[in-house]
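Visitor:
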Amino acid sequence: MRKSTAAMIVLAGGLVLLLLEVVHGVWRNGADAPARGERAELVRALGLSDLALFTEARYTRHPTQADLFTPFQDAPLSLEHFPTGSLIAPPRDFGPSGRFATEQEK
Amino acid sequence: MRHWLARQRYLVDFTLAALLRRKGRNLMLLFIYTLVIFILASVTFFGSALRHEARTVLKGAPEVTVQNLVMGRHAMAPPEWVEKLKKVRGARRVEGRLWGYFYDKANGANYTVMVPSQYDRRNALQDGETIIGAGIARVRDVRRIGHLFLLSPKGKLMKLKVKRILPETSELVSADLVLMSRGDFLRFFDLPQNGGYTDIAMQVRNRNEVTKIVEKISKMLPTARVITRDDVLRTYENVFSWREGVVLAMLSAALVAFAIFAFDKASGLSAEERREIGILKAVGWETSDILAMKLWEGGLVSLFAFIFGVAAAYAHVFLFDAGVLAPVLKGWSVLYPQFSLTPQVDRLQLATLAFVTVIPFTAATLVPIWKAAITDPDVVMR
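Listed in order, the protein sequences are those of chains A and B. Mapping the first sequence onto the working numbering, position 97 (from 1) lands on 148, and the numbers just tick up by one. Mapping the second sequence onto the working numbering, position 300 (from 1) lands on 335, and the numbers just tick up by one.
The structure is reproduced here in structure tokens:
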């Protein structure tokens, strides 16, 4: 077999793999819909505000409920020491009292 | 057209034969290239699926949450705030909530202890009962015992009958939840009967009025901090983005290493390659032929790395639950939710990934070759 034919077969195989993954994605989206609905219902019923992804500290468990200096308030001059803090950046316009207003906003 | 296709096939044949002559080096490059794309695509897939999950699931979060701040720290909201907030025009269902954190010395995990809403009939609890998340059931072996024993912060042992374990499919939002009755909660944390609430949740009649209502609350209760549902959703827009934080730090070393490797491979032509170009030109190859051959080389390597890197990343994140990324996510927490993400692919991010990897690599291959190819064969071969 010519080398170009072999290369094209391998690449076509890769593309078929990608296509199968697209089909898998569509199928999983349909199959997961009831579980997602259940989660959404639980969030509504209990009034939850966050994903339970990082449970090591209160400001990583509920990043939406923590103000921006919470990570640094355990002790004066303390630095944030949980690695999770660098996975979630606070949104720039986080809540009216979540940060200091700039001169223009005053 | 046929002629053109046949010509391209010969060029591909020749390129592959040239690549195979330096098998070790090229296979190493291909492996690293695929690995870099695999890591980047994994983070992209994971982040976009997580963001999508947060967007769809947290749609039901309270529209407005009011917290009390004292000296810059979160404090209990006084009970009279609930009455005040009920009077705000446009407010619907204002409810003081009790919830807090509990560090379980038995296993070093943190729990979120919560009193279910009085409107929530399904999760209503009597004193002495609890509903817990599946994560806690796992770390405390509750399924076998049927009870949850907690040592309160004051050192009193509390025995709670497990009424129900929240479904495993909802672990992403509930892994660390301990629901208990109001009476049990106050006893457990040794709180006074009318000591106030952790925060106050509020529904709003007309969603367009949220900003106005937030303004009114801020005026009425100057020490209050108001968090809207949009704030909640925006927070998760930033989660696990590959352009940020630890992920970028983790990747930057790999990216720099790849850049150096690719640059060395692509731009630093070896004497042997230079000679090869000289010979090709001497036997009658045009500059354009040499460029086309090298374009095929860069294109094939990039395409191969991209297709297989992305396919492996998809399998890693959505079929094997992101095993490689999980330790980063787990951080220092003991209690970690087990969850499978529903596939969500951000096409724009994927296109960006293709753009920042495939195009620079192909371009880096072309420039030095073009330089060598326009030089006189005699000079190149010498």
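Every residue gets a Cβ at the ideal spot worked out from N, C-alpha and C, and that includes glycine. Since this is a predicted model, take the numbers as computed values, not measurements.
Report the residue from B:Y371, B:R264 and B:L192 whose alpha carbon sits nearest the alpha carbon of L104 of chain A.
Guide: Your numbering for residue 104 of chain A matches position 53 in the first sequence. With distances taken between Cα atoms, L104 of chain A lies closest to B:Y371.
Visitor: Thinking C-beta only, is V94 of chain A closer than 9 Å to G95 of chain B?
Guide: Counting from 1 along the second sequence, the entry for residue 95 of chain B is found at position 60. Counting from 1 along the first sequence, the entry for residue 94 of chain A is found at position 43. Yes, Cβ-Cβ distance for G95 of chain B and V94 of chain A is below 9 Å.
Visitor: Against W320 of chain B, what residues of chain A qualify as contacts under a CB-to-CB distance less than 8 Å, listed in chain order?
Guide: Position 285 of the second sequence holds residue 320 of chain B. Here the premise fails: no neighbours, minimum Cβ distance about 18 Å.
Visitor: What is the DSSP secondary structure of E244 of chain B, reduced to helix, strand or coil?
Guide: Start at 1 with the first residue of the second sequence, and residue 244 of chain B comes out as number 209. If DSSP states are grouped into helix, strand and coil, E244 of chain B belongs with the helices.
Visitor: Which of helix, strand or coil does DSSP assign to N103 of chain B?
Guide: The sequence position of residue 103 of chain B within the second sequence is 68, counting from 1. Looking at N103 of chain B - three-state DSSP - the assignment turns out to be strand.
Visitor: Using the beta-carbon of each residue, which ones in chain B are nearer than 9 Å to L62 of chain A?
Guide: The residue given as residue 62 of chain A occupies position 11 in the first sequence. Result: L335, L338, F339 and I342.
Visitor: Could you name the residues of the region 82 to 103 of chain A whose beta carbon sits closer than 8 Å to any beta carbon of chain B, in the order they occur along the chain?
Guide: Going along the region 82 to 103 of chain A in chain order, one finds D83, A86, R87, E89, R90, A91, E92, L93, V94, R95, A96, L97, G98, L99, S100, D101, L102 and A103 with a Cβ nearer than 8 Å to chain B.
Visitor: Using three-state DSSP, classify M328 of chain B as helix, strand or coil.
Guide: As a first step, residue 328 of chain B must be located in the second sequence, where it is residue number 293. In the structure shown, M328 of chain B sits in a helix (DSSP, three-state: H, G or I).
Visitor: Chain B beta carbons: is any one of them nearer than 9 Å to that of K157 of chain A?
Guide: Within the first sequence, the letter at position 106 stands for residue 157 of chain A. Legend: pLDDT at K157 of chain A = 42, less than 50; position of this residue unreliable, value from coordinates given subsequently. Answer no: the Cβ-Cβ gap between K157 of chain A and chain B never drops below 9 Å.
Visitor: List, in chain order, every chain B residue whose beta-carbon is nearer than 7 Å to that of L66 of chain A.
Guide: Residue numbering aside, residue 66 of chain A sits at position 15 when the first sequence is read from its first letter. By Cβ distance, chain B contributes I342.
Visitor: My assumption, with CB atoms under 8 Å, is that A236 of chain B sits in contact with R132 of chain B. Please give the rounded CB distance.
Guide: Counting from 1 along the second sequence, the entry for residue 236 of chain B is found at position 201. Counting from 1 along the second sequence, the entry for residue 132 of chain B is found at position 97. That pair is a contact at about 6 Å.
Visitor: Beta-carbon separation of T165 of chain B and D225 of chain B under 9 Å?
Guide: On the second sequence, position 130 is the one that residue 165 of chain B refers to. On the second sequence, position 190 is the one that residue 225 of chain B refers to. No, the pair does not count as a contact, with Cβ atoms beyond the cut-off.
Visitor: Helix or strand or just coil, what does DSSP make of R157 of chain B?
Guide: Sequence index remark: in the second sequence, residue 157 of chain B carries index 122 (1-based). Here R157 of chain B sits in coil by DSSP.
Visitor: One question on the structure: do L360 of chain B and V78 of chain B come within less than 9 Å of each other, judged by their Cβ atoms?
Guide: Here residue 360 of chain B is taken as the residue at index 325 of the second sequence, counted from 1. Here residue 78 of chain B is taken as the residue at index 43 of the second sequence, counted from 1. Cβ atoms of L360 of chain B and V78 of chain B: closer than 9 Å.
Visitor: Where does F73 of chain B land, buried or exposed, given buried means 16+ other C-beta within 10 angstroms?
Guide: Taking the first residue of the second sequence as 1, we reach residue 73 of chain B at position 38. So F73 of chain B counts as buried.
Visitor: Please report the distance separating the alpha-carbon of N103 of chain B from that of G163 of chain B.
Guide: Stepping through the second sequence from its first residue, residue 103 of chain B is reached at position 68. Stepping through the second sequence from its first residue, residue 163 of chain B is reached at position 128. Straight-line Cα distance between these residues: approximately 30 Å.
Visitor: Considering only the beta carbon of each residue, do V213 of chain B and V148 of chain B sit closer than 9 Å?
Guide: The residue you call residue 213 of chain B lines up with position 178 of the second sequence. The residue you call residue 148 of chain B lines up with position 113 of the second sequence. Yes, these two residues count as a Cβ contact at 9 Å.
Visitor: Taking C-alpha atoms, which residue in B:K329, B:Y138, B:I312 and B:K140 lies nearest to V414 of chain B?
Guide: Locating residue 414 of chain B in the second sequence gives position 379, counting from the first residue. Selected option, being the one with the closest Cα: B:I312.
Visitor: Residues of the region 171 to 202 of chain B in Cβ contact with chain A at a cutoff of 8 Å, in chain order, please.
Guide: Listed by position, the residues of the region 171 to 202 of chain B near chain A (Cβ gap below 8 Å) are L201 and P202.
Visitor: Using the DSSP secondary-structure output, state which residues sit across from F137 of chain B in a beta bridge.
Guide: As a position in the second sequence, residue 137 of chain B is number 102, starting the count at 1. Partner(s): B:Y146.
Visitor: Using the three-state DSSP reduction, which class does V213 of chain B fall into: helix, strand or coil?
Guide: As a first step, residue 213 of chain B is located in the second sequence; it is residue number 178 there, counting from the start. V213 of chain B: strand per DSSP, three-state reduction.
Visitor: Suppose the cutoff is 7 Å on Cβ atoms and the five residues either side in sequence are ignored; what does the same chain contact list for R240 of chain B look like?
Guide: Here residue 240 of chain B corresponds to residue number 205 of the second sequence, with the count starting at 1. Result list for R240 of chain B: G125 and R127, in chain order.
Visitor: Going by CA-CA distance only, name the one from A:T115, A:A63, A:A58 and A:P134 that's closest to R260 of chain B.
Guide: Residue mapping note: residue 260 of chain B aligns to position 225 of the second sequence, counting from 1. The option with the nearest alpha carbon to R260 of chain B is A:T115.
Visitor: Note down the Cα distance separating L268 of chain B from I167 of chain B, rounded to an integer number of angstroms.
Guide: Reading the second sequence from its first residue, position 233 is the one you call residue 268 of chain B. Reading the second sequence from its first residue, position 132 is the one you call residue 167 of chain B. Cα-Cα distance, rounded: 25 Å.
Visitor: Mind checking whether I139 of chain A and Y154 of chain B have CB atoms under 9 Å apart?
Guide: By one-based count along the first sequence, residue 139 of chain A stands at place 88. By one-based count along the second sequence, residue 154 of chain B stands at place 119. No, they are not a contact pair.
Visitor: Could you say if the region 334 to 345 of chain B and the region 178 to 192 of chain B meet the contact criterion of at least three C-beta pairs nearer than 8 Å?
Guide: No: fewer than three Cβ pairs fall under 8 Å.
Visitor: Let me make sure I understand the geometry here. Which of A:T121, A:L69, A:L99 and A:D118 has the alpha-carbon closest to that of A210 of chain B?
Guide: Counting from one through the second sequence, the residue named residue 210 of chain B turns up at place 175. That would be A:L99, whose Cα lies nearest to the Cα of A210 of chain B.
Visitor: Which residues in chain B sit within 9 Å of L69 of chain A, going by Cβ to Cβ distance?
Guide: The sequence position of residue 69 of chain A within the first sequence is 18, counting from 1. Residues of chain B passing the Cβ test: I342, V345, A346 and Y349.
Visitor: Taking only beta-carbon positions, decide if L138 of chain A is within less than 9 Å of chain B.
Guide: The sequence position of residue 138 of chain A within the first sequence is 87, counting from 1. It does: the Cβ of L138 of chain A has a partner Cβ on chain B nearer than 9 Å.
Visitor: Return the chain-ordered list of same chain residues with a C-beta closer than 6 Å to the C-beta of P378 of chain B, the five sequence neighbours on each side being excluded.
Guide: Within the second sequence, residue 378 of chain B is the residue found at index 343, counting from 1. The residues are F353.
Visitor: Based on DSSP bridge pairs, tell me the residues matched to T165 of chain B.
Guide: Taking the second sequence and counting its residues from 1, one reaches residue 165 of chain B at position 130. Note: T165 of chain B sits in a beta bridge opposite B:V197 and B:M215.
Visitor: Compute the Euclidean distance between the alpha carbons of S148 of chain A and L256 of chain B, then round it to the nearest angstrom.
Guide: Counting from 1 along the first sequence, the entry for residue 148 of chain A is found at position 97. Counting from 1 along the second sequence, the entry for residue 256 of chain B is found at position 221. In this predicted model, S148 of chain A has a pLDDT of only 48, less than 50, meaning its place in the structure is not dependable enough to derive any value.
Visitor: Using a C-beta to C-beta distance shorter than 8 Å, which residues of chain A count as neighbours of P420 of chain B?
Guide: In the structure as shown, chain B begins at 36 and stops at 417. Residue 420 of chain B is therefore absent and cannot be evaluated.
Visitor: Along the chain, where does the alpha helix (DSSP H) containing F66 of chain B start, and where does it finish?
Guide: The residue given as residue 66 of chain B occupies position 31 in the second sequence. From DSSP, the alpha helix (DSSP H) with F66 of chain B extends over K58 to V92.
Visitor: My output table needs one value for D83 of chain A: the three-state DSSP class, helix, strand or coil.
Guide: The residue labelled residue 83 of chain A in the question sits at position 32 within the first sequence. Looking at D83 of chain A - three-state DSSP - the assignment turns out to be helix.
Visitor: Apart from the five residues just before and just after T153 of chain A, which ones in its own chain have a Cβ nearer than 7 Å to its Cβ?
Guide: Counting from 1 along the first sequence, the entry for residue 153 of chain A is found at position 102. Confidence at T153 of chain A is low in this model, with a pLDDT of 46, below 50, so its placement is unreliable and no value can be given for it.
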